[in-house]
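According to our numbering, the sequence shown is numbered sequentially starting from 5.
For every residue, glycine included, the Cβ atom is placed at its ideal position computed from N, Cα and C.
As C-alpha cells, the structure follows; a few thoughts come after it.
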Amino acid sequence: MNPILSIVIATLDCAVDLDACLDSAQKVLTGLEKYEYEIIIKDCSSDKSVKEVFEKYELLLSLKYHHQKDSGIYDAWNQAMKHCHGQWIYFMGADDAFIEGFDFNNLREAFKTDDYPLISIPVMYVYGEETLVTTINKDSFLKKIRYSNPFHHQGIFHRAAVLKELEFDSKFKVSGDFDLMLKIIKVNPELILCLTSRPMVRMYSGGISSRIDTNLLRLKERAMVRANNGVATNHQIVILAYLAAYTKKLLSLFINQEYLANRYFHLKISAARIFKK
C-alpha cells in the first residue's frame with residue numbers, strides 16, 4: 005500500500021542535525037501508522053555519518069535512504085521526488101524539528117480532497133530565544149506575493165501528481181519553491197487550502213534563504229519569479245527591500261552578522277505583534 009504522505013529531508017554533512025530531527029519525528033509520528041507516511045533521506049554527504057543516523061532510526065520510523073550527488077537543494081528535491089510514493093509530498097530541513105502534540109487529524113481529512121494542489125499550515129520560525137508563528141490566508145496572499153514569498157516550504161504540502169509533473173527549476177538557489185508554487189496555482193489563492201492549526205514543524209534561521217549575505221540574491225530571484233509568473237510588482241516596496249538589503253550588508257561589515265540578524269528578526273517579531281493588534 006502506498007503511503008499518504010512522503011516527507012523529504014535533503015542532507016549534506018549534517019548527521020547531528022538529522023539525528024535530532026529524526027528523534028523529534030519519532031516522538032510525533034507515532035500518532036501515524038507506518039503505512040500512512042514515509043521519510044526519504046536524500047543524502048549528498050561525502051562520508052557515511054548520515055547513513056549511520058538513518059540506520060539508527062530505520063526500524064523506528066518508516067525511512068528510506070538515497071545517496072546521490074546534486075547541484076543544490078532544488079536538484080536534491082527533484083531527485084528525491086522520484087523515490088516518493090505518497091499522494092502528498094512535504095519538504096523539511098535536517099535542522100528542522102517536529103513539534104510534540106501536533107494533531108494529524110485535520111491533515112488526514114485535508115489529504116482526502118481532490119480540489120487543491122497545495123495545502124498550507126502555520127510554521128514556527130526560531131532565531132535564538134525568539135519565535136514567530138507564520139501563517140497565511142487567502143486574503144493576504146495576493147498582497148504578499150508582490151514583494152516576497154508568502155510561505156515557508158515547511159508549511160506547504162504538495163499534491164504529488166502535480167509536483168512531479170512540473171518539478172523545481174534548479175537554476176534558482178533560494179527561490180525555486182516560490183517559483184513552483186506560482187506555476188502550480190497560476191497566482192490563484194483559491195487553489196491553496198489554508199488550514200488553521202498548531203505548527204507541525206519548528207524551523208531554525210540560518211539557512212541560505214535567510215542569511216544576510218544572500219539577501220540580494222533572494223531579491224533578484226524573487227523578481228525573476230514574479231516576472232516569469234505574471235505577478236505585478238509593487239515597486240515602492242521592492243525599492244525599500246533593496247535599500248534594507250544593502251543597509252544590512254553594509255552594517256554586517258562592522259557588526260557581527262549573527263547579532264545583526266538576531267536584531268533584525270526581533271524587529272520582525274515586534275512588527276508582527278503590533279500589526280496583529
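Query: If I188 sits next to Q91, beta carbons under 8 Å apart, how far is it from one beta carbon to the other, in whole angstroms?; Result: Actually they do not touch by this definition, with Cβ atoms about 15 Å apart.
Query: Would you be able to state if there are at least three C-beta pairs under 8 Å between the stretch 66-74 and the stretch 37-52?; Result: yes
Query: Since G35 contacts F102 with CB under 8 Å, what's their CB separation in whole angstroms?; Result: Not confirmed; about 11 Å, so no contact.
Query: Can you tell me whether R150 is helix, strand or coil according to DSSP?; Result: coil
Query: Where do the ends of the beta strand (DSSP E) carrying E56 lie?; Result: First-last for E56: 53-61, but that is the alpha helix (DSSP H), not the beta strand (DSSP E).
Query: Determine whether the beta carbon atoms of I11 and Y94 lie at a separation below 8 Å.; Result: yes
Query: Report the residue ranges of all alpha helix (DSSP H) runs contained in full by the stretch 155-195; include only those spanning at least 4 residues, in chain order.; Result: 164-170, 180-189
Query: Measure the C-alpha to C-alpha separation of P203 and T138 and round it to an integer number of angstroms.; Result: 9 Å
Query: On a CA-only basis, which of L33, Y61, H89, G234 is nearest I149? Give me that one, please.; Result: G234
Query: Roughly how many angstroms separate the alpha carbons of E134 and V205, rounded to a whole number?; Result: 15 Å
Query: Kindly indicate which three-state DSSP category R202 falls into: helix, strand or coil?; Result: coil
Query: Spatial neighbours of G211 within its chain, please: C-beta separation below 7 Å, excluding the five flanking residues on both sides.; Result: With a pLDDT of 49 at G211, under the threshold of 50, the modelled position of this residue cannot be trusted, and the question is left open.
Query: Can the beta-carbon of E171 be found closer than 8 Å to that of N82?; Result: yes
Query: Tell me whether S50 is buried or exposed, calling it buried when 16 or more other Cβ atoms sit within 10 Å of its Cβ.; Result: exposed
Query: Taking 8 Å as the cut-off, decide whether the C-beta atoms of A14 and K55 are in contact.; Result: no
Query: Check whether the Cβ of I13 sits closer than 7 Å to any heavy atom of the ligand MN, and report yes or no.; Result: The ligand MN is not among the ligands present in this structure, which contains no ligands whatsoever.
Query: With H, G and I counted as helix, E and B as strand and the rest as coil, what does DSSP make of S214?; Result: Residue confidence for S214 is low, a pLDDT of 49 falling below 50, so the modelled location carries little weight and cannot support an answer.
Query: To the nearest angstrom, report how far apart L16 and V57 are at their CA atoms.; Result: 13 Å
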